[in-house]
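Note that the protein sequences, when read in sequence, are chains A and B. The opening residue of the first sequence carries number 160 in my numbering; numbering runs sequentially from there. The opening residue of the second sequence carries number 160 in my numbering; numbering runs sequentially from there. Quick notes on the structure that follows.
2 protein chains.
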Amino acid sequence: MTTLGHVLLGLLARAPASGYDLAQKLKGPVDFFWQARHSQIYPELARLEQDGYVVVQHVPQTERPDKKIYRITDAGTTVLKAWVIAPVEVPVVRDELVLKAYCLWLAHPAAAIELFRAHAHHHTELLARYQRNQGWLLEQWATEGRRIDSPWFGSIASIQRGIGYEQEYAAWCRWMIEQLEQAISD
Amino acid sequence: MTTLGHVLLGLLARAPASGYDLAQKLKGPVDFFWQARHSQIYPELARLEQDGYVVVQHVPQTERPDKKIYRITDAGTTVLKAWVIAPVEVPVVRDELVLKAYCLWLAHPAAAIELFRAHAHHHTELLARYQRNQGWLLEQWATEGRRIDSPWFGSIASIQRGIGYEQEYAAWCRWMIEQLEQAISD
DNA sequence: GTTTTATATGTAAGTATTGACATATGGTTC
DNA sequence: GAACCATATGTCAATACTTACATATAAAAC
């Protein structure tokens, strides 16, 4: 099973959904640390169905194109539960901006600074979005007595990482800008 | 040009090196945010040579297998300098551990906690390594009067990101462990 | 003496992901 | 009336990366 397969099972374990629904959730940074396009999602769903981890229900619609609702099966839940506690490798980080920072000694500081201003802005925006999301998630979780076996806890755990990540990334960008500004003024 | 091509040019802009040397630098987390295997590096070097961005010098050796030393050309330096200040997309983060955290509501806390202890350990170790490296790099940079056009600055900038990243990741793992411990004791 | 390790360079098959192509419905905007 | 957008599902080619295969030298470990 691919990681994307587990991503899809992880989402379907919370609620049934169509391929389109899943693609919407995975298309960008919402509350979650995985991204995928529909072109990868549809074939993966077909594989999950073949393997018996999900079942599909065809839903005809009149005002919109027909859709297919996917539901996780008992077999799917079993493999998902086993996978969650299985050891996992540390992900490889490949960040082109850090690579550019590594090569920054070749550039004019004034030309390079815009690069880091743009990324500082982006990560600050995303941080604010995650923080708003976190506030709402914490409220939802509280209504369920802050149980660790609630899906809300999973969302909070991942958004917590998103907040830390964006905070740190934005701080690094600001540090880079400082260094560059100092070099420009000298 | 691929990103790996720029990685290799970025390294060769500092000093000539063989494919093996480059593979050593890129094989794991040393001072840098890019990883690649020799199986990807050798073909990429051949492409860079074809494009005229590097030249190769065959060096026969008696006590070891012969090697090929690659040097960046003026054309290579030109494209590298242009690339450094060019805008770049925000990298997509795909982290299986965060995904597991998202699905953690499906697992027994006692079974899941080992996962986060292992990763907390790993990121703490890597952080210490980066911090030792940083101390040495800062000394080297100081001897050159902390010039921003020194390669040392590039190394420091990337290690700075590595330190922030590992610090934050380790902190998140510890937060996850806390949550899980609390759930176990309840 | 045999195995292992470091040096040194490659190829080939398979997987993961992206970007483009492809089609169809119905509502909204211009 | 035409163009565009959201919904909805798919395929295909290309790229990026990993894993395994493949070979050769010489020193060091056992």
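Cβ atoms here follow ideal geometry from the backbone N, Cα and C, with glycine treated the same way.
Taking C-beta pairs closer than 7 angstroms, name the residues in chain A that residue i reaches, listed in chain order.
{"i": "Gln-319(B)", "result": "Trp-331, Trp-334"}
{"i": "Gly-313(B)", "result": "Ala-260, Tyr-261, Cys-262, Leu-263, Trp-264"}
Determine the chain B residues that contact residue i at a beta-carbon separation under 8 angstroms, and present them in chain order.
{"i": "Ala-271(A)", "result": "Val-243, Ile-244"}
Taking only the alpha-carbon atoms, compute the straight-line gap between residue i and residue j and give it to the nearest angstrom.
{"i": "Ile-318(A)", "j": "Ala-342(B)", "result": "19 angstroms"}
{"i": "Val-257(B)", "j": "Pro-202(A)", "result": "24 angstroms"}
{"i": "Leu-265(B)", "j": "Lys-240(A)", "result": "6 angstroms"}
{"i": "Phe-192(B)", "j": "Thr-221(A)", "result": "51 angstroms"}
{"i": "Arg-196(B)", "j": "Gly-187(B)", "result": "9 angstroms"}
{"i": "Glu-327(B)", "j": "Thr-237(B)", "result": "36 angstroms"}
{"i": "Glu-284(A)", "j": "Ala-269(B)", "result": "36 angstroms"}
{"i": "Gln-290(A)", "j": "Leu-263(B)", "result": "21 angstroms"}
{"i": "Leu-296(A)", "j": "Leu-170(A)", "result": "16 angstroms"}
{"i": "His-225(B)", "j": "Leu-168(B)", "result": "The amino acid occupying residue 225(B) in the given sequence is Asp; His does not appear at that position. Distance between the alpha carbons of Asp-225(B) and Leu-168(B) is about 22 angstroms."}
{"i": "Glu-325(B)", "j": "Asp-190(B)", "result": "13 angstroms"}
{"i": "Ser-314(A)", "j": "Ser-344(B)", "result": "22 angstroms"}
{"i": "Glu-303(A)", "j": "Arg-253(B)", "result": "29 angstroms"}
{"i": "Leu-286(B)", "j": "Gly-323(A)", "result": "16 angstroms"}
{"i": "Gly-216(B)", "j": "His-267(A)", "result": "Looking at the sequence itself, residue 216(B) is Gln, so the reference to Gly does not match. Approximately 31 angstroms between the Cα atoms of the pair."}
{"i": "Gln-293(B)", "j": "Trp-334(A)", "result": "15 angstroms"}
{"i": "Ala-316(B)", "j": "Ala-205(B)", "result": "29 angstroms"}
List the residues of chain B that residue i touches, going by C-beta distances under 7 angstroms, in chain order.
{"i": "Leu-265(A)", "result": "Ala-172, Leu-239, Lys-240, Val-243"}
{"i": "Lys-259(A)", "result": "Val-243, Val-247"}
{"i": "Leu-286(A)", "result": "Those do not exist, as Leu-286(A) stays about 12 angstroms from chain B at its closest Cβ, beyond 7 angstroms."}
Apart from the five residues on each side of it in sequence, which residues of its chain come closer than 6 angstroms, Cβ to Cβ, to residue i?
{"i": "Ile-200(B)", "result": "Gly-178, Leu-181, Ala-182"}
{"i": "Val-209(B)", "result": "Per the sequence presented here, residue 209(B) reads as Gln, with Val not at that position. Taken in chain order, the list of residues that qualify is empty."}
{"i": "Pro-175(A)", "result": "Ile-228, Arg-230"}
{"i": "Gly-321(A)", "result": "Tyr-289"}
If we define contact as Cβ-Cβ less than 9 angstroms, is residue i a contact residue for chain B?
{"i": "Ile-200(A)", "result": "no"}
{"i": "Leu-256(A)", "result": "yes"}
{"i": "Val-166(A)", "result": "yes"}
{"i": "Pro-268(A)", "result": "yes"}
{"i": "Gly-169(A)", "result": "yes"}
{"i": "His-197(A)", "result": "no"}
{"i": "Pro-344(A)", "result": "Looking at the sequence provided, one finds Ser at residue 344(A) rather than Pro. It does not: the Cβ of Ser-344(A) has no partner Cβ on chain B nearer than 9 angstroms."}
{"i": "Tyr-328(A)", "result": "yes"}
{"i": "Thr-302(A)", "result": "no"}
{"i": "Thr-236(A)", "result": "yes"}
Name, please, each residue of chain A whose Cβ falls closer than 9 angstroms to the Cβ of residue i.
{"i": "His-278(B)", "result": "Val-247, Val-249"}
{"i": "Gln-194(B)", "result": "Val-251, Val-252, Arg-253"}
{"i": "Ser-309(B)", "result": "Trp-264"}
Within a Cβ cutoff of 7 angstroms, which residues of the same chain sit near residue i, ignoring the five residues on either side of it in sequence?
{"i": "Cys-332(A)", "result": "Phe-275, His-278, Ala-279, His-282"}
{"i": "Ala-245(A)", "result": "none"}
{"i": "Val-251(B)", "result": "none"}
{"i": "Leu-163(B)", "result": "Ala-195, Gln-199, Glu-203"}
{"i": "Ala-234(B)", "result": "Gly-211, Tyr-212"}
{"i": "His-165(A)", "result": "Leu-239, Trp-242"}
{"i": "Pro-310(B)", "result": "Arg-173"}
For residue i, collect the residues of the same chain with a Cβ closer than 8 angstroms to its Cβ; drop the 5 residues on either side in sequence, then sort them by chain order.
{"i": "Ile-336(B)", "result": "Ile-272, Phe-275, Arg-276, Ala-279"}
{"i": "Phe-312(B)", "result": "Trp-300, Arg-305, Arg-306"}
{"i": "Val-214(B)", "result": "Glu-208, Tyr-229, Arg-230, Thr-232"}
{"i": "Gln-194(B)", "result": "Leu-185, Lys-186, Gly-187, Pro-188"}
Less than 9 angstroms between CB atoms is the rule here; does residue i satisfy it with respect to chain A?
{"i": "Ala-316(B)", "result": "yes"}
{"i": "Gly-294(B)", "result": "no"}
{"i": "Leu-181(B)", "result": "no"}
{"i": "Gly-323(B)", "result": "yes"}
{"i": "Gln-338(B)", "result": "yes"}
{"i": "Thr-283(B)", "result": "no"}
Listing by chain order, which chain B residues have their CB less than 9 angstroms from the CB of residue i?
{"i": "Leu-274(A)", "result": "Val-243, Ile-244, Ala-245, Pro-246, Val-247"}
Determine the chain A residues that contact residue i at a beta-carbon separation under 8 angstroms, and present them in chain order.
{"i": "Thr-162(B)", "result": "Arg-253, Glu-255, Leu-258"}
Considering only residues of the segment 168-200 of chain A, which uninterrupted alpha helix (DSSP H) runs meet the minimum length of 4 residues and lie entirely inside it, listed in chain order? 178-185
Note down, one range per segment and in chain order, each alpha helix (DSSP H) of at least 4 residues found wholly within the segment 266-324 of chain B. 268-302
What are the uninterrupted segments assigned as beta strand (DSSP E) that are 3 or more residues long and contained completely in the segment 218-265 of chain B, given in chain order? 226-231
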